[in-house]
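Enquirer: Residue numbers (our numbering): 319 to 479.
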């Protein structure tokens, strides 16, 4: 079941996780702020004309939706297994390299970085340990949207540590 509606100055979309992730990836380029709230996402400010498109996600064949998701993630720089079980993204900034791997089955984020952002990673709930020329960190996540948000935050911060 998909619901898309206006709630004050926000657009709210309630749907199963796969549909929510596709909607999230679409909305984050249109809205100033997109947040996950349990089984729904909230985009502010309200965006005219997208409610019907969001509702139609639930009518889409799951295999087509998975292909859309694979394409959207690949377009965002992720290397994704065909079955969406694992995905990986890396970013380099000068001599620094950061690699984030997401295990979607076991709901774990793993990270290796030559940038020393230990304090920041600990604030995000990662367990961090030093290895060789860098650090490794790991933490769990509840939803793929949470994993994408955390990964984006870490990859942006890694360039400035």
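By construction, the Cβ of each residue, glycine as well, lies at the ideal position given by its N, Cα and C atoms. Remember, predicted model here, so these are calculated numbers, not experimental data.
Hey, out of 450, 447, 393, 324, whose CA is closest to residue 369's CA?
Expert: Position 51 of the chain shown, counted from the first residue, corresponds to residue 369. The residue with the shortest Cα to Cα distance from residue 369 is 324.
Enquirer: Would you say the region 327-342 touches the region 357-369, given that touching needs at least three Cβ pairs under 8 Å?
Expert: Yes, the region 327-342 is in contact with the region 357-369.
Enquirer: Can you give me the C-alpha to C-alpha distance between residue 320 and residue 425, rounded to a whole angstrom?
Expert: Your numbering for residue 320 matches position 2 in the chain shown. Your numbering for residue 425 matches position 107 in the chain shown. Using only the alpha carbons, I get a separation of about 24 Å.
Enquirer: Considering only the beta carbon of each residue, do residue 433 and residue 445 sit closer than 9 Å?
Expert: As a working note, residue 433 is residue 115 in the chain shown. As a working note, residue 445 is residue 127 in the chain shown. Not a contact, by the Cβ cut-off of 9 Å.
Enquirer: With DSSP as the reference, label residue 333 as helix, strand or coil.
Expert: Here residue 333 refers to the residue found at position 15 when the chain shown is read from its first residue. It is coil, neither helix nor strand.
Enquirer: With a 10 Å radius around its C-beta and 16 neighbouring C-beta atoms as the bar for buried, classify residue 379 as buried or exposed.
Expert: In the chain shown, counting from the first residue as 1, residue 379 sits at position 61. Classification for residue 379: exposed.
Enquirer: What's the call for residue 447, buried or exposed, on a 16-neighbour Cβ count within 10 Å?
Expert: Residue 447 sits at position 129 when you count from the first residue of the chain shown. Exposed, by the Cβ-count rule.
Enquirer: Please classify residue 463 as buried or exposed, where buried requires at least 16 other C-beta atoms within 10 Å of its C-beta.
Expert: Locating residue 463 in the chain shown gives position 145, where the first residue counts as 1. Label assigned to residue 463: buried.
Enquirer: Let me check understanding here. Comparing Cα to Cα, which of 356, 371, 355, 402 lies closest to residue 344?
Expert: Counting from one through the chain shown, the residue named residue 344 turns up at place 26. The shortest C-alpha separation from residue 344 is found at 371.
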